[in-house]
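A.B. asks: Numbering that gives the first Met the number 0 numbers the first residue of the sequence shown as 0 and each following residue consecutively. All C-beta atoms, glycine included, are put in the ideal place defined by N, C-alpha and C. Computed from a predicted model, the values in this text were never measured in an experiment. To start, I am sharing the structure in question, which I have written as structure tokens.
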Amino acid sequence: MIPFPELGPLCPWKSPEHADHYAAVDHAQHAFEEFQQGFPDCGPLLGEGRMVLVSGGSKCGKTSLIHRCAHWLKDHPPTDHQVEIFNLTRDDARAGSIDDRMRDVWKRLLRELKFAGIFEQHELDLLGEEINEPPVQAYETLSRLLRLKSWIFVLLLPQSSVAEELVRYGHLAAEPNLLFFTETSFEGVADDGVRLLSSTAPPLWLSVGTLGVEDGWTYLSHFVADGSMPAVTEETMRKVIQERNLGIQPMTVTGLQRLMRGIWQYAAEHGRTDLTFEDFKTYAYRTADYL
0 MIPFPELGPL CPWKSPEHAD HYAAVDHAQH AFEEFQQGFP DCGPLLGEGR MVLVSGGSKC
60 GKTSLIHRCA HWLKDHPPTD HQVEIFNLTR DDARAGSIDD RMRDVWKRLL RELKFAGIFE
120 QHELDLLGEE INEPPVQAYE TLSRLLRLKS WIFVLLLPQS SVAEELVRYG HLAAEPNLLF
180 FTETSFEGVA DDGVRLLSST APPLWLSVGT LGVEDGWTYL SHFVADGSMP AVTEETMRKV
240 IQERNLGIQP MTVTGLQRLM RGIWQYAAEH GRTDLTFEDF KTYAYRTADY L
């Protein structure tokens with residue numbers, strides 16, 4: 000049995016078992032605790048909404064962190080309120096202007112709301128009428144309906160590579176009973192967006208990154224019990240991360256996840272009871288995933 004989770008973002012609000020799969024690596028635990036400090040529950044959103052921006056390189060665990068934070072909020076609603084999460088990221092590959100992208104997100108939300116059972120038909124019709132109106136008007140209408148019905152919406156937005164898009168969503172997120180999550184792989188875009196929003200609608204900015212040398216052992220220890228086979232030493236895991244980080248593509252949590260699943264399968268197929276650094280190098284070479 001391979002103890003490491005399948006590839007792909009963790010999503011505990013859909014798959015509760017994923018809640019136990021978060022290893023404290025790549026600054027992700029610190030970022031989650033920072034989020035908890037900012038949002039011990041959803042109470043602050045009743046007065047004013049907000050945007051949470053997660054930045055970090057590709058495959059660093061940004062989406063998994065967002066799902067973890069969203070799950071936390073869903074489990075900590077204010078008294079007499081309910082929290083609903085809407086994943087609106089499915090259209091994130093669409094090209095076009097910012098206006099087009101934002102309109103697509105609103106359309107996606109309207110489709111989701113048709114099946115959510117939260118609003119009456121006349122309320123859905125009211126929201127549908129906003130499709131060609133400025134986004135600020137659309138989200139203001141949504142916010143008013145949420146306040147009347149004691150709901151809080153957590154909206155997971157597509158990735159962004161443009162600071163202006165972050166700024167526009169940051170202002171929209173200021174409406175009560177709303178929280179927007181978005182992510183970017185570009186630190187410069189995140190920095191510009193946060194700077195431009197700092198005086199009007201400052202987002203909570205969380206960062207994740209590549210792995211440090213200690214993270215390999217932390218990750219392994221999270222999923223593998225002491226005494227389990229195959230045996231791997233802490234020094235081996237440190238060397239694996241250190242060697243990979245010397246290359247042009249430093250180790251990310253997704254890369255480590257893929258490596259550990261693969262080498263565990265390799266060990267099972269070859270009857271190995273221990274794995275050395277040379278085993279890792281040999282396996283990585285054979286799979287063109289060089290250390």
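1) State the Cα-Cα distance for the pair Cys59 and His75, rounded to the nearest angstrom.
2) Which same chain residues, not among the five before or five after Phe3, have their C-beta less than 8 Å away from its C-beta?
3) Less than 8 Å between the CB atoms is what I'm expecting for Leu177 and Leu52, so what's the real figure, rounded?
4) Could you check whether the region 186 to 198 touches the region 156 to 174, counting it as contact only if at least three pairs of C-beta atoms, one from each stretch, sit closer than 8 Å?
5) Suppose only complete runs of 3+ residues qualify. What are the beta strand (DSSP E) ranges in the region 98 to 184, listed by chain order?
6) By the three-class DSSP mapping on this structure, what secondary structure does Glu83 have?
7) Between the alpha carbons of Gly357 and Pro157, how many angstroms are there, rounded?
8) According to the Cβ coordinates, are Tyr138 and Glu174 closer than 8 Å?
9) Are the CB atoms of Gly208 and Leu26 within a distance shorter than 8 Å?
10) Quick one: grab the DSSP three-state call for Met250.
11) Between the region 10 to 28 and the region 126 to 142, can you find at least three pairs of beta-carbon atoms closer than 8 Å?
12) Could you give the first and the last residue of the continuous alpha helix (DSSP H) run that contains Ser220?
C.D. replies: Result, derived from the coordinates:
1) Straight across, the Cα-Cα distance linking Cys59 with His75 is about 26 Å.
2) So the qualifying residues of the chain are Phe222, Gln256, Met259, Arg260, Trp263.
3) Contact annotation, Leu177 with Leu52: C-beta distance approximately 15 Å; criterion of less than 8 Å not satisfied.
4) Yes, they touch.
5) Entirely contained in the region 98 to 184, the beta strand (DSSP E) runs reaching 3 residues are, in chain order, 150 to 155, 177 to 183.
6) Correct three-state label for Glu83: strand.
7) Residue 357 lies beyond the residue range present for the chain, which begins at 0 and ends at 290; the question has no answer from this structure.
8) Pairing Tyr138 with Glu174 gives a Cβ-Cβ distance under 8 Å.
9) The residue you asked about is not Leu; residue 26 is His in the sequence shown. Contact: yes.
10) Met250 falls in the coil class under three-state DSSP.
11) The region 126 to 142 vs the region 10 to 28: no contact.
12) Where Ser220 is concerned, the enclosing alpha helix (DSSP H) stretches over 214 to 222.
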